[in-house]
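Reading through the structure tokens given below for one structure.
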Amino acid sequence: MPQQTQERTVAVIGAGPRGTSFLERLLAAVEHGVDGDRAPRLRILVIDPAPHGPGRVWNPQQSPLYLMNTPASFPTAAPAGATREQLTASSVSRSFAEWRHEHEAEETATSVRADSFEPPVVLGIDHGGTDTDYPTRAAYGQYLSWLHTAVSAALARQPGIRVEHLRAEVTELRRAESGYELTLGKDQHPGNHDNHHDDDGAGPAPKDRLRADQVVLALGHIPAGLNESGEHFTEVAGQLGLRYQPPAIPTEVDYYSLPAGENVLVRGMGLNFFDLMIQASVGRGGVFHEHPDRPAGQRLEYLATGDEPHLVAGSRRGTPYRAKSTALTEAPGFAPAGIRLHHLTPAAVADAERRHDVLDFSAHLWPLIQRDVLRTYYRTLVELEPELFQAGFSAALDELLADTHLGEAVLQTRGQRLLRELAPDVLWFDIRSLGRPFGGLTFESAQQYQQHMSTYLEDDAATSAAGVHSPVKMAIGALHLARMEVKALISQGRVSQSSQISEIEGWFESLVEGLASGPPLQRIEELAALTRAGIVEFLGPEPIFDVDREAGCYTAESPAVAAPAYQARWLLEAMMPANRVQLSRSPLVAGLLRSGLARPRELVDASGAPRAGKGFDVTTLPHRLIPVDRAEPEEIYVLGLQLSSVQWGTAIAAEAGGNLAASARSLADADAAARAVLAGPDDSTSPGARASGRDRITGSPARG
């Protein structure tokens, strides 16, 4: 195969999961000869100050107390299972589960830190784990390290390809006379490794400036500025000698500095909250004792050490994310087996699109989703407790749900009438109210609210443990399945911008995240035990976090709970940094926006007013930056979180065996970018890519 005469330089900025997926897709394309008769001559610069492969989030050196939020069978950074029918796998392509089975005997441990309560860090595989368990993040980091090393080595063995790893931060990216110039942070201490991967950072320091013909941005989570309240709490901390922990990646929070026995106010009860919870308990030496004879939610007892802080937590809904159902761990597609979307079908969506041109979430999609949720809930309940229903109920319900002209309020009224007639002991199931279980209620004391929360957690654990025998969790499973369909529609640009802003971002996202994106059952059972032990206390719905300058402390209270405000010297945000490019404190991202090489994607709300989206403005697949000063897109490809203006759920890993349009979308993005990079700046895999960006922009024409 003849060689191309001129070597091109490709800079991959970000060597975490997305950067690794790009390299794997590049390897697959080269191995399978997608470039025709031309074998590329490439110098690939892989640049990231964090460990290459796992990045910061999945660093294998992190605490083994941190668990993944999906079972081992789910995540992958390379095509696996049915996905390989759509994407050709490379010679080293493995899912996490496949890799773990191959390496399950490997296990080593580092020594425990002498000045902490942290257990030893396990490097390797979760010993004895199964595909249905929730492994440690450190183990997934080991997989990513292995995959990155294997891909890099395989690429380096290809004729005409050089791979260099730089442990450095790119602080600036600008146009050069030919291609782009990258500036590296001067305070970094990176290593320059040709054709292999090494996390030790040894080797000569790289030059401060590098040139590249094409660039791939796979940045992942990046530092972000604070909102108004965060800035205020930071200022108050300095003035009053308090401690404020802004949003951050859990591995970068010093949980060991939290004071034993003192109140620590916590804002947010999503996934980061469970990391805080476990570090403040087991991380301080505490132990959970199991009582196998007790029901789920009550079988754990927490044995405290006295070194734990007292966590006082609050969120808008007043409750933490619900636990994932055990039914999810053994089902393909990460939805309970047996669930099918009967109403939100491709045919129904296409019909709505044909009649209305653009899909509106509330008008065209939510009615179908709600009907699938209701159908799943009542069919499960009928199967489990048929004695509650008179003959003909299921047929009557199907007839009611088939009438798509009924609005949500009328559907509820007629549904309640149907229940009174044919199932008088059964209540109407309202999935929206499930997201706010204490909405509209008031509580006479903090103690009364804690009692309600204990019951709530125990019930959530019991329904999760019931799996397919829980109508509630099955209905949530249908909601999750519908979420994946909506995700695909958004990526395809088929949902109106105004409804994305006002409805999906406005309320649906928080609903589905709180119900379907929660932790494993284990975490809810542990939280229930910590609540009974008095280690964790809850504020109540719609909490107000404030400052009392006279008392010299932070305060928090809920308007729904008749109790004095809690006071504390500590306030901790249990959430990730905001994923919004305009708030970024990354010098690279800020510089791209400032120079006009990139811009936020402009969305239009329901009033017709323009609004800056969360992510970059990019072309259709492969996603390339659209600059301010010209319509032609840049040779800068974007993967991952900074695509949040054209995709939904960009932080979620690809699903092993998932569909490229939905749960394995990140692999499709990486593959498209890899093919375009191989084609070179003067060739494109897509017609018109080097022509005006007007035809390449997802949505409205480029402005600027």
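Mapping of the sequence shown onto the working numbering: position 158 corresponds to residue 161, and the numbering continues sequentially without gaps.
Ideal Cβ positions, reconstructed from N, Cα and C, are used throughout, including at glycine.
(request) Within its chain, find whatever has a CB closer than 6 Å to the CB of His313; leave out the 5 residues flanking it on each side and keep chain order. (result) Asn266
(request) Would you list the one or two residues that DSSP bridges to Arg270? (result) Gly317, Glu576
(message) Given this structure, state the Cα-to-Cα distance separating Asp674 from Ser96, to the nearest angstrom.
(response) 13 Å
(message) My output table needs one value for Asp375: the three-state DSSP class, helix, strand or coil.
(response) helix
(request) Look up His292 in the DSSP assignment and give the residues it is bridged to. (result) Glu304
(request) Would you list the one or two residues that DSSP bridges to Ala14? (result) For Ala14, which the question treats as bridged, DSSP gives the partners Leu48, Val218.
(message) By the three-class DSSP mapping on this structure, what secondary structure does Ile639 have?
(response) strand
(message) Relative to the C-alpha of His483, which candidate in Ala316, Arg325, Trp149 has its C-alpha closest?
(response) Arg325
(request) Please report the residue range of the beta strand (DSSP E) in which Pro349 lies. (result) Here Pro349 belongs to no beta strand (DSSP E); instead the alpha helix (DSSP H) covers 349-359.
(request) Give the straight-line distance between the Cα atoms of Ser648 and Ser499, rounded to the nearest whole angstrom. (result) Cα-Cα distance, rounded: 12 Å.
(request) Might you give, ordered along the chain, the residues of its own chain that have their beta carbon closer than 6 Å to the beta carbon of Arg21, omitting 5 neighbours on each side? (result) Ala221, Leu642, Gly643
(message) Quick check: the Cα distance between Ala92 and Gly496, rounded to an integer number of angstroms?
(response) 28 Å
(message) Can you tell me whether Asp296 is buried or exposed? The criterion is at least 16 other CB atoms within 10 Å of its CB, across all chains shown.
(response) exposed
(request) Return the first residue and the last residue of the alpha helix (DSSP H) that Arg28 is part of. (result) 20-34
(message) Give me, in chain order, the residues of the same chain whose beta-carbon lies closer than 8 Å to that of Pro625; leave out the 5 immediate sequence neighbours on both sides.
(response) Tyr640, Asp672, Ala675, Ala676, Arg678, Ala679, Thr688, Ser689
(request) Pull up the distance between the alpha-carbon of Val564 and that of Phe541, whole angstroms please. (result) 10 Å
(request) Excluding the 5 residues preceding and the 5 following Arg583 in the sequence, name in chain order all residues of the same chain whose CB lies nearer than 6 Å to its CB. (result) Lys617
(message) Which residue marks the beginning of the beta strand (DSSP E) containing Gly480, and which one marks its end?
(response) No beta strand (DSSP E) holds Gly480; the alpha helix (DSSP H) holding it covers 474-494.
(request) Starting from the C-beta of Ser589, find all residues in its chain whose C-beta is less than 8 Å away, skip the five residues before and the five after it, and write them out in chain order. (result) Excluding residues within five positions, the ones whose Cβ falls inside 8 Å are Leu222, Ile225, Pro226.
(request) Tell me whether Gly696 sits in a helix, a strand or coil according to DSSP, three-state version. (result) Bear in mind that the predicted position of Gly696 carries a pLDDT of just 34, short of 50, making it too unreliable to give a figure here.
(request) Assign His359 to one of two classes, buried (16 or more other C-beta atoms within 10 Å of its C-beta) or exposed (fewer than that). (result) The C-beta of His359 has fewer than 16 other C-beta atoms within 10 Å across all chains shown, which makes the residue exposed.
(message) Given a cut-off of 8 Å on the beta-carbon distance, is the pair Gly599 and Pro636 in contact?
(response) no
(request) Counting only runs of 3+ residues fully inside the region 594-678, write out the beta strand (DSSP E) ranges in chain order. (result) 603-607, 613-619, 639-641
(request) Let me know if Val13 comes out buried or exposed under the rule of 16 or more other beta-carbons within 10 Å of its beta-carbon. (result) buried
(request) Return the bridge partner residues of Ala571 from the DSSP annotation. (result) For Ala571, which the question treats as bridged, DSSP gives the partners Tyr557.
(message) Below 8 Å, how does it come out for the region 550-567 and the region 444-452: are there three or more Cβ pairs, yes or no?
(response) yes
(message) Taking its Cβ as the centre, do 16 or more other Cβ atoms sit within 10 Å of Lys189, making it buried, or is it exposed?
(response) exposed
(request) Starting from the C-beta of Arg116, find all residues in its chain whose C-beta is less than 8 Å away, skip the five residues before and the five after it, and write them out in chain order. (result) Bear in mind that the predicted position of Arg116 carries a pLDDT of just 38, short of 50, making it too unreliable to give a figure here.
(message) Between Glu424, Leu362, Ala18, Leu26, which has its C-alpha nearest Ala53's C-alpha?
(response) Ala18
(message) Do Asp462 and Gly300 have their beta-carbon atoms positioned less than 8 Å apart in this structure?
(response) By the CB criterion at 8 Å, Gly300 and Asp462 fall inside the cutoff.
(request) Confirm, please, whether the CB-CB distance from Ile434 to Gln373 is below 8 Å. (result) yes
(message) Taking 8 Å as the threshold (C-beta atoms), are Asp216 and Gly163 in contact?
(response) no
(message) When you compare the CB positions of Ala519 and Asp375, do they come within less than 8 Å of one another, or not?
(response) no
(request) Have a look at Ala159, Leu409, Gly543, Gln503 and flag the residue whose alpha-carbon is nearest the alpha-carbon of Pro440. (result) Gly543
(request) Apply the 10 Å Cβ neighbour rule to Val290 and answer buried if 16 or more other Cβ atoms are within range, or exposed otherwise. (result) exposed
(request) Flag this pair as yes or no: are the beta carbons of Val166 and Ser148 separated by less than 8 Å? (result) no
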